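Going down the list, the protein sequences come from chains A and B. First residue of the first sequence: 1, per this note's numbering; consecutive thereafter. First residue of the second sequence: 1, per this note's numbering; consecutive thereafter. Here the structure is laid out as structure tokens; the discussion comes afterwards.
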Amino acid sequence: MSLRRILAVTRKEVIQIWRDPLSLMIILLLPLIQLLIFGYGVNVDVKHIPLCVYDRDDSQTSQDLLKRFQNTEYFNIVHLSDSYRDVVRQIDYGACTVAVVVPPQFAEKLHSQGQASVQALLDASDANTASIGMSYALSIVQSYSSQTQIDWRERHGLAAAAPNVTFQPRTWFNEDLESRATIVPGVVAMVMAVVGAFLTSLTIAREWERGTMEQLISTPVGKLEIQIGKLAPYFVIGMADTAGCSAVAVRWLDIPFRGSWTVLFACSALFLVVVLSVGYLISVIAKSQLGACQMAMLATFLPTFLLSGFLFPIDQMPVVVQWITLLLPPRYYVFILRNIFLKGTAVRLMAGQLTALAIIAVVLITLATRAFHKRLE
Amino acid sequence: MTESEPSVVVDNLTKRFGSFVAVDRISFQAHRGEIFGFLGPNGAGKSTTIRVLCGLLRPTSGRAQVAGINVVREPEAVRQQIGYMSQKFSLYNDLKVIENLRFFAGLYSVPGKVLPERLAWALHMAGLEGREQAPTGALPVGWKQRLALGCAVLHRPPILFLDEPTSGVDPVSRRHFWELIHQMVAEGITVFVTTHYMDEAEYCNRLVLIDRGRIVAMGTPTELKSQHMKGQLLLVECEPLGPGLEALREAPGVLDAAVFGSSLHAVVADAQTAMPGVREALESRGLKVGRLEQIQPSLEDVFVSLTRWQPEERV
Numbered sequence: 001m002s003l004r005r006i007l008a009v010t011r012k013e014v015i016q017i018w019r020d021p022l023s024l025m026i027i028l029l030l031p032l033i034q035l036l037i038f039g040y041g042v043n044v045d046v047k048h049i050p051l052c053v054y055d056r057d058d059s060q061t062s063q064d065l066l067k068r069f070q071n072t073e074y075f076n077i078v079h080l081s082d083s084y085r086d087v088v089r090q091i092d093y094g095a096c097t098v099a100v101v102v103p104p105q106f107a108e109k110l111h112s113q114g115q116a117s118v119q120a121l122l123d124a125s126d127a128n129t130a131s132i133g134m135s136y137a138l139s140i141v142q143s144y145s146s147q148t149q150i151d152w153r154e155r156h157g158l159a160a161a162a163p164n165v166t167f168q169p170r171t172w173f174n175e176d177l178e179s180r181a182t183i184v185p186g187v188v189a190m191v192m193a194v195v196g197a198f199l200t201s202l203t204i205a206r207e208w209e210r211g212t213m214e215q216l217i218s219t220p221v222g223k224l225e226i227q228i229g230k231l232a233p234y235f236v237i238g239m240a241d242t243a244g245c246s247a248v249a250v251r252w253l254d255i256p257f258r259g260s261w262t263v264l265f266a267c268s269a270l271f272l273v274v275v276l277s278v279g280y281l282i283s284v285i286a287k288s289q290l291g292a293c294q295m296a297m298l299a300t301f302l303p304t305f306l307l308s309g310f311l312f313p314i315d316q317m318p319v320v321v322q323w324i325t326l327l328l329p330p331r332y333y334v335f336i337l338r339n340i341f342l343k344g345t346a347v348r349l350m351a352g353q354l355t356a357l358a359i360i361a362v363v364l365i366t367l368a369t370r371a372f373h374k375r376l377e
Numbered sequence: 001m002t003e004s005e006p007s008v009v010v011d012n013l014t015k016r017f018g019s020f021v022a023v024d025r026i027s028f029q030a031h032r033g034e035i036f037g038f039l040g041p042n043g044a045g046k047s048t049t050i051r052v053l054c055g056l057l058r059p060t061s062g063r064a065q066v067a068g069i070n071v072v073r074e075p076e077a078v079r080q081q082i083g084y085m086s087q088k089f090s091l092y093n094d095l096k097v098i099e100n101l102r103f104f105a106g107l108y109s110v111p112g113k114v115l116p117e118r119l120a121w122a123l124h125m126a127g128l129e130g131r132e133q134a135p136t137g138a139l140p141v142g143w144k145q146r147l148a149l150g151c152a153v154l155h156r157p158p159i160l161f162l163d164e165p166t167s168g169v170d171p172v173s174r175r176h177f178w179e180l181i182h183q184m185v186a187e188g189i190t191v192f193v194t195t196h197y198m199d200e201a202e203y204c205n206r207l208v209l210i211d212r213g214r215i216v217a218m219g220t221p222t223e224l225k226s227q228h229m230k231g232q233l234l235l236v237e238c239e240p241l242g243p244g245l246e247a248l249r250e251a252p253g254v255l256d257a258a259v260f261g262s263s264l265h266a267v268v269a270d271a272q273t274a275m276p277g278v279r280e281a282l283e284s285r286g287l288k289v290g291r292l293e294q295i296q297p298s299l300e301d302v303f304v305s306l307t308r309w310q311p312e313e314r315v
């Protein structure tokens with residue numbers, strides 16, 4: 001091993017990155033674009049569900065109930081219907097996702113019999129929004145119902161002895177239950193997967209494609225020296241992007257940061273080694289730049305996007321898919337990122353995830369080093 | 001490596017790619033301080049041989065030793081002893097001239113003390129003084145080749161492998177390039193060069209003629225021309241050339257005939273006795289005969305007579 005040769009390779013690689021506009025764009029702009037898209041654009045919070053109302057009772061009581069739908073940010077009353085046919089049409093046209101129908105004699109029944117029912121119609125073509133809409137509607141009606149009971153007891157002179165069990169939830173770590181706080185830390189993983197694996201996947205393939213590899217391997221430079229020399233600049237770039245993204249997330253997007261920056265950088269360095277090894281391995285195998293970037297996309301971007309828990313919770317996936325995610329490094333890194341950002345979790349509590357990452361890193365480094373030969377066949 | 005030991009020893013070397021035999025049991029030795037030429041058409045196995053010697057391809061069987069080191073067993077040790085210029089230009093086009101030189105100086109661990117002097121020498125040799133900051137990709141082909149040569153010899157290797165170094169280079173640059181090679185040989189470097197240009201082969205101290213993976217002849221250019229030519233050679237100028245060739249092949253005493261540029265060459269047992277018959281054979285067919293005389297064979301004639309190779313890619 002010669003430091004001189006490693007530095008020669010590194011310097012050459014830096015010059016090439018610096019002179020390649022596409023690489024610079026990927027390094028500088030892509031992280032920012034991803035942060036903005038996932039920080040502002042992607043919002044899995046369900047609010048302002050379009051609601052259609054058909055009040056067949058048209059009493060003070062029914063209006064009281066419907067007002068509760070109006071006074072919440074979860075629903076937007078977009079239409080007042082005057083017939084069932086109209087309600088159906090509103091749902092068919094997609095003008096509203098939920099329709100609430102108050103039956104005739106609603107107030108009368110409620111006062112005389114002590115109970116009455118309200119109908120809700122849901123467009124479940126988007127199952128997620130529909131089920132959330134249903135639970136919102138249910139809780140509005142339930143709270144109305146218990147309020148009515150209390151009123152009724154008071155009016156009849158009964159003590160408010162009703163054994164009201166109240167449920168007072170308190171959410172930790174992401175107090176406002178904002179999806180952004182959950183998603184944005186994961187963006188760091190996305191940025192690393194794309195910048196790290198994508199750029200390194202081109203580094204060896206480019207030399208084969210342009211014919212420069214033949215000259216390079218005719219010199220005494222060792223294959224490990226090539227590997228270290230080529231990956232070093234991308235490691236620095238990856239760490240800089242991590243720092244930049246985290247800073248933007250905390251300062252600009254107001255994501256809480258409760259952990260230690262040292263732990264964040266140490267864990268990121270480990271994940272970066274994994275990502276760079278994947279990119280390098282792909283680059284050695286592919287031998288063409290186009291093939292390499294397609295493989296990099298498939299091997300890093302997609303698993304990080306779909307199977308890391310970044311957007312879609314892993315425990316909601318089919319069991320077989322859950323097993324598969326155990327082999328995927330981004331799964332562990334996304335977990336670690338969320339814990340560092342939102343919970344400030346101690347390192348020892350993430351030991352399992354870190355060990356898994358370390359094992360994967362060792363395996364991939366070994367594979368990448370072995371795959372490359374200083375020969376033309 | 002001692003003074004007397006050959007720079008390159010190849011013994012019964014074979015390289016197969018699947019069922020295709022690129023190099024077929026070749027043996028030769030190149031000595032210190034000589035220009036050793038490998039001459040043959042494209043696909044003859046020249047590049048394959050040179051790549052095996054640089055440790056870029058593993059031989060199927062046989063032995064190859066460069067600077068006293070076994071190429072298969074210690075390829076890295078060989079690489080510090082050699083400079084290599086591949087057939088296709090393979091420096092970095094997106095690097096500046098000086099950046100390419102510095103890169104290869106780094107890879108060859110050229111000591112910092114002599115680095116400025118070596119860089120200056122390489123720039124001077126390549127005629128690139130004052131163009132250190134020029135992007136390599138923008139240089140004309142001839143200059144690129146000289147820069148590639150400069151990069152390959154920064155570490156002063158005792159052996160230099162050049163694979164078709166002048167293909168695609170204009171004649172003036174080619175001559176300049178060969179002057180550089182002669183300078184290096186004068187300094188004691190062994191130059192191993194492949195070419196399919198016959199005129200370049202004349203510059204070599206010793207030559208191997210290779211065809212379809214096999215060595216067909218070996219020796220100095222003079223030896224090859226005097227020993228490997230069966231019979232004597234006639235130069236025939238006639239109009240038109242095509243029918244002339246046909247007539248010549250059927251003429252009495254003619255062993256072989258081929259087109260050489262704008263004239264014909266015929267191999268005969270004895271020039272003086274064959275000439276009248278040849279002239280008559282051509283004229284009887286109504287062909288106009290110009291010059292008709294005995295000439296000294298060129299390497300090309302030797303090659304054609306040995307391999308029946310039609311040199312289509314001559315300059």
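We treat Cβ as the ideally placed atom computed from N, Cα and C, and that holds for glycine. These figures come from a predicted structure and were not determined experimentally.
Cutting at 6 Å between CB atoms, please list the residues of its own chain near phenylalanine 20 of chain B, excluding the five before and the five after it.
Indexing the second sequence from 1 puts residue 20 of chain B at position 20. Within the same chain, phenylalanine 20 of chain B has no close Cβ partners at all.
Through-space distance from leucine 233 of chain B to leucine 245 of chain B, alpha-carbon basis:
Along the second sequence, read from residue 1 onward, the residue named residue 245 of chain B stands at position 245. Along the second sequence, read from residue 1 onward, the residue named residue 233 of chain B stands at position 233. For leucine 245 of chain B and leucine 233 of chain B, the distance between alpha carbons rounds to 15 Å.
Assuming contact is defined by CB atoms lying nearer than 8 Å, are methionine 198 of chain B and leucine 264 of chain B in contact in what I supplied?
Position 198 of the second sequence, counted from the start, is the residue given in the question as residue 198 of chain B. Position 264 of the second sequence, counted from the start, is the residue given in the question as residue 264 of chain B. Not in contact: methionine 198 of chain B and leucine 264 of chain B (Cβ atoms no closer than 8 Å).
Three or more C-beta pairs closer than 8 Å, one from the segment 220-236 of chain A and one from the segment 8-18 of chain A: is that the case here?
Taking 8 Å as the limit for Cβ pairs, the verdict is that the segment 8-18 of chain A does touch the segment 220-236 of chain A.
Which residues in chain A sit within 8 Å of glycine 168 of chain B, going by Cβ to Cβ distance?
Looking up residue 168 of chain B in the second sequence gives position 168. Within chain A, no residue comes near glycine 168 of chain B; the closest Cβ sits about 14 Å away, beyond 8 Å.
Kindly indicate which three-state DSSP category arginine 370 of chain A falls into: helix, strand or coil?
Counted from its first residue, the first sequence places residue 370 of chain A at position 370. Arginine 370 of chain A falls in the helix class under three-state DSSP.
Which of the three DSSP states is assigned to glutamine 296 of chain B in this structure?
Within the second sequence, the letter at position 296 stands for residue 296 of chain B. Coil at glutamine 296 of chain B, not helix or strand.
Given that aspartate 94 of chain B touches chain A, what residues does it touch there, using C-beta distances under 7 Å?
Within the second sequence, residue 94 of chain B is the residue found at index 94, counting from 1. Result: Gln16 and Arg19.
Anyone know if the C-beta pair for alanine 137 of chain A and alanine 120 of chain A falls short of 8 Å?
Walking along the first sequence from the start, residue 137 of chain A turns up at place 137. Walking along the first sequence from the start, residue 120 of chain A turns up at place 120. Yes, the pair counts as a contact, with Cβ atoms nearer than the cut-off.
Pull out every residue of the segment 179-207 of chain A whose Cβ sits closer than 8 Å to any Cβ of chain B, in chain order.
none
Beta strand (DSSP E) segment containing arginine 58 of chain B, residue limits
The sequence position of residue 58 of chain B within the second sequence is 58, counting from 1. Arginine 58 of chain B -> no beta strand (DSSP E), and no H or E assigned at all.
How big is the Cα-Cα spacing for valine 250 of chain A and leucine 53 of chain B?
Translated into positions along the first sequence, residue 250 of chain A becomes position 250. Translated into positions along the second sequence, residue 53 of chain B becomes position 53. In this structure, the straight-line span from the alpha carbon of valine 250 of chain A to that of leucine 53 of chain B is close to 58 Å.
How should methionine 190 of chain A be labelled, buried or exposed, when 16 other C-beta atoms within 10 angstroms of its C-beta is the threshold for buried?
Taking the first residue of the first sequence as position 1, residue 190 of chain A is located at position 190. So methionine 190 of chain A ends up on the buried side.
I'd like to know whether the C-beta of phenylalanine 103 of chain B is nearer than 8 Å to at least one C-beta of chain A.
Residue numbering aside, residue 103 of chain B sits at position 103 when the second sequence is read from its first letter. Yes, phenylalanine 103 of chain B counts as interfacial toward chain A.
Can you give me, in chain order, the residues of the segment 342-372 of chain A that have a beta carbon less than 9 Å from any beta carbon in chain B?
none
Output needed for cysteine 151 of chain B: all residues of its chain with C-beta closer than 7 Å, excluding positions within five of it in sequence on either side, in chain order.
Mapped onto the second sequence, residue 151 of chain B falls at position 151. Cβ within range, chain order: Leu91, Asn100, Leu101 and Phe104.
Contact set for valine 98 of chain A: own chain, Cβ-Cβ below 8 Å, skip 5 residues either direction
Position 98 of the first sequence holds residue 98 of chain A. Same-chain partners within the cutoff: Ile49, Pro50, Leu51, Cys52, Phe75, Ala120, Leu121, Leu122, Asp123, Ala130, Gly133, Met134 and Ala137.
Taking methionine 1 of chain A and leucine 224 of chain A to be in contact with their CB atoms under 8 Å, please state how far apart those CB atoms are, rounded to whole angstroms.
Stepping through the first sequence from its first residue, residue 1 of chain A is reached at position 1. Stepping through the first sequence from its first residue, residue 224 of chain A is reached at position 224. Rounded, the Cβ-Cβ distance is 7 Å, consistent with contact.
Using the Cα positions of threonine 14 of chain B and alanine 240 of chain A, report the straight-line distance between them to the nearest angstrom.
As a working mapping, residue 14 of chain B is identified with position 14 in the second sequence. As a working mapping, residue 240 of chain A is identified with position 240 in the first sequence. Their Cα atoms are separated by approximately 51 Å.
Using a Cβ-Cβ cut-off of 6 Å (strictly less than) and excluding sequence neighbours within five positions of valine 46 of chain A, which residues of its own chain qualify?
Translated into positions along the first sequence, residue 46 of chain A becomes position 46. Taken in chain order, the residues that qualify are Thr129 and Ile132.
Whole runs of the beta strand (DSSP E) within the segment 69-123 of chain A, excluding any shorter than 3 residues
75-80, 98-102 and 119-122
CA-CA distance, glutamate 5 of chain B and valine 153 of chain B?
Numbered from 1 along the second sequence, position 5 holds the residue referred to as residue 5 of chain B. Numbered from 1 along the second sequence, position 153 holds the residue referred to as residue 153 of chain B. C-alpha separation (whole angstroms): 22 Å.
Which listed residue (B:Leu207, B:Val278, B:Ile295 and B:Gln296) has its alpha carbon closest to that of valine 289 of chain B:
Counting from 1 along the second sequence, the entry for residue 289 of chain B is found at position 289. That would be B:Val278, whose Cα lies nearest to the Cα of valine 289 of chain B.
Reference glycine 126 of chain A; option with closest CA among A:Val100, A:Ser145 and A:Gly94:
As a first step, residue 126 of chain A must be located in the first sequence, where it is residue number 126. It should be pointed out that residue 126 of chain A corresponds to aspartate in this sequence rather than to glycine. With distances taken between Cα atoms, aspartate 126 of chain A lies closest to A:Gly94.
Could you name the residues of chain B that threonine 97 of chain A contacts, counting a contact when the two beta carbons are closer than 9 Å?
As a first step, residue 97 of chain A is located in the first sequence; it is residue number 97 there, counting from the start. Within 9 Å Cβ-Cβ: nothing; threonine 97 of chain A doesn't reach chain B, min ~55 Å.
Proximity test, Cβ basis, 8 Å: glutamate 117 of chain B and chain A
By 1-based counting over the second sequence, the position of residue 117 of chain B is 117. It does not: the Cβ of glutamate 117 of chain B has no partner Cβ on chain A nearer than 8 Å.
Just to confirm my understanding: we take alanine 269 of chain B, look at its own chain, exclude 5 residues before and 5 after, and list those with CB closer than 6 Å. What are they?
Counting from one through the second sequence, the residue named residue 269 of chain B turns up at place 269. The residues are Gly231.
So which residues of chain A does lysine 113 of chain B contact, with C-beta pairs closer than 9 Å?
By 1-based counting over the second sequence, the position of residue 113 of chain B is 113. Here the premise fails: no neighbours, minimum Cβ distance about 13 Å.
Cβ neighbour criterion (16 or more within 10 Å) applied to proline 303 of chain A
To locate residue 303 of chain A, count along the first sequence from 1; it is residue 303. Buried: at least 16 other Cβ atoms inside 10 Å.
Output yes or no for whether 8 Å exceeds the beta carbon distance between valine 302 of chain B and alanine 266 of chain B.
Along the second sequence, read from residue 1 onward, the residue named residue 302 of chain B stands at position 302. Along the second sequence, read from residue 1 onward, the residue named residue 266 of chain B stands at position 266. No, they are not a contact pair.
Taking CB distances under 8 Å as the criterion, tell me whether arginine 51 of chain B reaches chain A.
The count along the second sequence starts at 1 and reaches residue 51 of chain B at position 51. It does: the Cβ of arginine 51 of chain B has a partner Cβ on chain A nearer than 8 Å.
Since I believe threonine 194 of chain B is in contact with phenylalanine 38 of chain B (beta carbons under 8 Å), could you give me their beta-carbon distance rounded to a whole number of angstroms?
What you label residue 38 of chain B is simply residue 38 of the second sequence in a count that begins at 1. What you label residue 194 of chain B is simply residue 194 of the second sequence in a count that begins at 1. Indeed, because the Cβ distance is near 4 Å, the residues count as touching under 8 Å.
Step through the CB atoms of chain A and report whether any lies within less than 8 Å of the CB of phenylalanine 65 of chain B.
Indexing the second sequence from 1 puts residue 65 of chain B at position 65. Checking the sequence shown, residue 65 of chain B turns out to be glutamine, not phenylalanine. By this cut-off, glutamine 65 of chain B is not an interface position.
Chain-ordered neighbours of arginine 79 of chain B on chain A, where CB pairs are closer than 8 Å
For the purposes of this step, residue 79 of chain B is taken as the residue at position 79 of the second sequence. Going along chain A in sequence order, the residues near arginine 79 of chain B (Cβ under 8 Å) are Ser218, Thr219 and Pro220.
Taking the alpha carbon of alanine 266 of chain A as the point to measure from, which residue in A:Ile140, A:Ile336 and A:Thr300 has its own alpha carbon closest?
Start at 1 with the first residue of the first sequence, and residue 266 of chain A comes out as number 266. Minimum Cα distance to alanine 266 of chain A is reached at A:Ile336.
Taking 8 Å as the CB-CB limit, is leucine 224 of chain A close to chain B?
As a working note, residue 224 of chain A is residue 224 in the first sequence. Output row for leucine 224 of chain A: interface = no.
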